[in-house]
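Colleague:
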Amino acid sequence: EATMLGKQQLKWLMDGIRESKSDFIFVVSSVNFMVPHVGSGGGTDKQAKIKKDDAWTVFLQEREELIEFWDGLDKAVFVLTGDLHNSFAIKITDNVYEFASGPHNSINHAPMKDEGGRPANGRFKYGPRACDIRWSSYAMEDIPRANRTFPHYCVVQVNNVFNNPVERDGERWFAFPHPQVIFQFHDALTGELRYSETIVLGLK
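Everything in the sequence shown is counted per the numbering used here, starting at 390 for the first residue and increasing by one.
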């Protein structure tokens, strides 16, 4: 069975996460988790017939093992990914999310051709598990390839403490009973906020 990590690295990853006392777990991957890379950018170049997908959507058994493990934790897990030339926020389970930021200097992929026919948002399934795409950048197929330039960046803010000083301008920090993580996607050309999602530990 094809594997991304191999048994030794998979055990190392799971052991480290299991022993972590962090409020949240952030896992960084250079390739995407739920959306496949099956096209070459919607162009007619010589790579159009080459199988491109080398992401977690090829290693489905190992991906499922990780999702099941993460979903059983008492804290949320955020998989931060890249590679595909689009950005998106995906809810995989109540406890597992993927947040992806695409490159800023590359032509956007056309999702219908290059990303397994995924919708701009909504239910999506590639492989054995369905997920909810909450938001994404998206390029329709009728846009000329050179004009598909919709870069976005994501800012992540963790709120696990709050300041409650006795004196004005002082400091006295307390832990939130339910810490939060805020993900904000901005248009990289204008800086405008395009999408925001907040996950609060212990609250649905």
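All C-beta atoms in this analysis are idealised placements derived from N, C-alpha and C, irrespective of residue type, glycine included.
Hey, out of Glu530, Asp483, Val544 and Thr538, whose CA is closest to Leu469's CA?
Modeller: It is Val544.
Colleague: At which residues does the beta strand (DSSP E) containing Trp595 begin and terminate?
Modeller: Look at the range of the chain in this structure, 390 to 593, and you will see that residue 595 is not part of it.
Colleague: In this structure, how does DSSP classify Ile571 when only helix, strand and coil are distinguished?
Modeller: The answer is strand: DSSP assigns Ile571 an E or B state.
Colleague: Which of helix, strand or coil does DSSP assign to Asp472?
Modeller: Residue state, collapsed to three classes: coil.
Colleague: Glu453 by DSSP, collapsed to three states: which one?
Modeller: Helix, per DSSP.
Colleague: Go to Lys514, then tell me how far its alpha helix (DSSP H) extends in each direction, as first and last residue.
Modeller: Counting along the chain, Lys514 falls outside any alpha helix (DSSP H), though it belongs to the beta strand (DSSP E) covering Gly511 to Lys514.
Colleague: In the structure shown, what three-state DSSP assignment does Ile532 receive?
Modeller: Ile532 falls in the coil class under three-state DSSP.
Colleague: How would you write the range of the alpha helix (DSSP H) that Lys593 sits in, first residue to last?
Modeller: Counting along the chain, Lys593 falls outside any alpha helix (DSSP H), and DSSP gives it neither H nor E.
Colleague: Buried or exposed for Asn494, going by 16 or more other Cβ atoms inside 10 Å?
Modeller: Classification of Asn494: exposed, given that the 10 Å Cβ count is below 16.
Colleague: Would Tyr515 pass as a contact of Ile588 if the rule is Cβ separation under 8 Å?
Modeller: No, the pair does not count as a contact, with Cβ atoms beyond the cut-off.
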